[in-house]
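Protein chains in written order, with the numbering used here: chain D, 515 to 627; chain B, 80 to 297.
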């Protein structure tokens, strides 16, 4: 449900940057979505088709690059991807990890004409 | 000709900027503020109901309740002794965001309060992504929800400053392994302040109330 305001934000950021670049049309958006961010590609796509209508981004394709979750143990500094149902370090069994990837949610670039 | 424009902008930036504005506003009035988040039924409103009478005469409290459609929560907060109880109806949205809090703050004279309690919409996923601008985020977990929640909803457990574990009076009756639960919490949020308590029996509430007093009178 929260993808609607998020998609509006996405459109605004893209249009602002397109205007600065004097673009006539936005053809592609490159979006980065971390596994731990609570964003659903399909919902963003769904709202996009409605809200981008009648803007210079109307025909733009959305490309999602998914970033898997990566944690780093703060005891032995091993980097690992958490398994379903278990978060402790697979190397030393330590608790207290830092999330180093997977929370991203950003617009990386746009392609314009 | 197609040209690539580098953007690299966090899509939630607009929300975060407004959250900073909310924070400045709350801070300049000298108010301590918390954002209470939890799944539906964990006991957010019960916790507020139990907290308010214990702070009577000690702190002046305003509550802001987020709910999809009803005023049940703000009515309960007002009945429990909140000096002001504002209701935000999100109209279907699954979380509060900085814009909604901004609008609610307009309805309060913040200088009249010591503590602002914001009760988020019951949801264990989205509220973590939307900063409001409050000083501390509090997650209310509850024993009957199960001990696997930190593993299934890491975003919520990771970002909070305090964790309340409600309904501990039910521990003898449900298969909740506290060590498994706490291990998940410790990985995501090492050393997070934790308050095991029961809103029904009152056990453990004193430590929680003391924490609020300490933070509000700093």
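Positions of the beta carbon are idealized from the N, C-alpha and C atoms, including for glycine.
In the structure shown, residue 145(B) adopts extended strand secondary structure according to DSSP, grouped into three states. Interface annotation for the region 172-183 of chain B against chain D: 172, 173, 174, 176, 178, criterion Cβ-Cβ distance under 9 Å. The three-state secondary structure of residue 558(D), taken from DSSP, is helix. Here residue 185(B) is exposed, its C-beta having fewer than 16 other C-beta atoms within 10 Å.
Within the DSSP bridge table, the entry for residue 594(D) names 585(D) as partners.
Annotation: residue 124(B) is outside any beta strand (DSSP E); the continuous alpha helix (DSSP H) that includes it extends over 123-133.
In this structure, the straight-line span from the alpha carbon of residue 296(B) to that of residue 119(B) is close to 31 Å.
Between residue 601(D) and residue 267(B), the beta carbon gap of about 7 Å places them in contact (Cβ cut-off 8 Å). Less than 9 Å divides the Cβ of residue 616(D) from the Cβ of residue 549(D). Your pair residue 181(B) and residue 111(B) does not check out as a contact, with CB atoms roughly 18 Å apart and the cut at 8 Å. The CB of residue 624(D) comes closer than 9 Å to the CB of 83, 84, 85, 86 in chain B, given here in chain order. Annotation: the region 195-272 of chain B contains the following complete segments of the beta strand (DSSP E) (minimum length 3 residues), in chain order: 215-221, 241-245.
Under the Cβ distance rule, residue 191(B) does not count among the residues neighbouring chain D, no pair being separated by less than 9 Å.
Taking a C-beta cut-off of 7 Å against chain D, the contacting residues of the region 247-273 of chain B are 262, 263, 265, 266, 267, 269, listed in chain order.
Look at residue 539(D) here: in three-state DSSP terms it is coil, with no helix or strand label. For residue 96(B), the enclosing alpha helix (DSSP H) starts and ends at 92-107. Under a criterion of Cβ atoms nearer than 9 Å, the residues of chain B adjacent to residue 541(D) are, in order, 81. Contact between residue 156(B) and residue 195(B) fails: their C-beta atoms lie close to 12 Å from each other, not under 8 Å. With 16 or more other CB atoms across the displayed protein chains lying within 10 angstroms of its CB, residue 552(D) is buried.
None of the residues of the region 553-569 of chain D has a beta carbon lying less than 7 Å from any beta carbon of chain B.
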